[in-house]
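A.B. asks:
Right, here's the structure in full:
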C-alpha cells in the first residue's frame, strides 16, 4: 500500500480478550494494570506521529498521569470541534481523513503513523489507508464497552505477521491486505 521508506500507517489497539478497546463509560484505566510504554518499546521507537480521534484524546488526557512516558511523536487530533483552549502539544485537524493522514505522515518523518481511536481507525480502514494493525490482547474480560470494530465496518482481510508475548500481554501484528 505504501512505500516502506516513508513509514507505515498502523492502527494500534489494546483490547480485552472479549473484544473491547474501552470499558463501560469509555474507561481505559484497566490497560495500565497490564501494560506500560515499556512493555513493547520497539513500537514506540518506530512511531513518529499519532493521529487520534477526539474522544480518545479526551480519555487519554484524563489518563496521562498514569502513563506519562509514552512518546509517540507529534500528535494530531481529528475533530469536528476543536477545543476552545488549544493544547500547545497537539495539532487539531478538521479536514477529511485522507488529508489528516497525509499531514500526520509528513510529521512522522519516515517513521510510522499510529492511528488511535475506534472511529478514526474505522475511517482509515474504510478508505484503504492502513498498512498494519497491532493488537495488544490483555488478560481481562470486560463484559461491555467499546468494541474493537464499530458496526458497519465491512470485511477486511488480514495477513498475520507476528505474535509476541511480554508480561502477560500478547501483541498480534497483521498486514492489511489491499
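Numbering (the working numbering), first residue to last: 276 to 453. Built from N, CA and C at the ideal position, the CB exists for glycine as well.
Indicate the three-state DSSP secondary structure (helix, strand or coil) for residue 439 in the structure shown.
C.D. replies: The answer is strand: DSSP assigns residue 439 an E or B state.
A.B. asks: Would a C-beta distance cut-off of 8 Å place residue 323 and residue 388 closer than the cut-off?
C.D. replies: yes
A.B. asks: Going by DSSP in three states, residue 375 sits in which element: helix, strand or coil?
C.D. replies: helix
A.B. asks: Can residue 372 and residue 402 be called in contact, C-beta distance under 8 Å?
C.D. replies: Between residue 372 and residue 402, the C-beta gap is smaller than 8 Å, which places the two residues in contact.
A.B. asks: Which two residues bound the contiguous beta strand (DSSP E) that contains residue 286?
C.D. replies: 284-291
A.B. asks: So, is the C-beta of residue 438 closer than 8 Å to a C-beta in chain B?
C.D. replies: Here there is only one protein chain, and chain B is not present.
A.B. asks: What is the DSSP secondary structure of residue 335, reduced to helix, strand or coil?
C.D. replies: helix
A.B. asks: Look at the alpha carbon of residue 445 and the alpha carbon of residue 312, and state the distance between them as a whole number of angstroms.
C.D. replies: 14 Å
A.B. asks: Tell me the rounded alpha-carbon separation between residue 292 and residue 416.
C.D. replies: 6 Å
A.B. asks: Please work out which residues of its chain come closer than 8 Å, Cβ to Cβ, to residue 305, disregarding the five sequence neighbours upstream and downstream, and give them in chain order.
C.D. replies: 291, 298, 413, 415 and 417
A.B. asks: Excluding the 5 residues flanking residue 439 on each side, which residues of the same chain have their C-beta closer than 7 Å to its C-beta?
C.D. replies: 446
A.B. asks: Looking only at DSSP bridge pairs, what is residue 322 linked to?
C.D. replies: In the DSSP output, where bridge partners are listed per residue, residue 322 has 387.
A.B. asks: Given a cut-off of 8 Å, decide if residue 395 and residue 327 are closer than it, judged by their beta-carbon atoms.
C.D. replies: yes
A.B. asks: Once the 5 residues before and after residue 358 are set aside, which same chain residues still bring their CB inside 6 Å of it?
C.D. replies: none
A.B. asks: Do the CB positions of residue 309 and residue 334 come within less than 8 Å of each other?
C.D. replies: no
A.B. asks: Nearest to residue 319 by CA position, among 421, 420, 383 and 352, is which residue?
C.D. replies: 383
A.B. asks: Give me, in chain order, the residues of the same chain whose beta-carbon lies closer than 6 Å to that of residue 448; leave out the 5 immediate sequence neighbours on both sides.
C.D. replies: 409, 436 and 437
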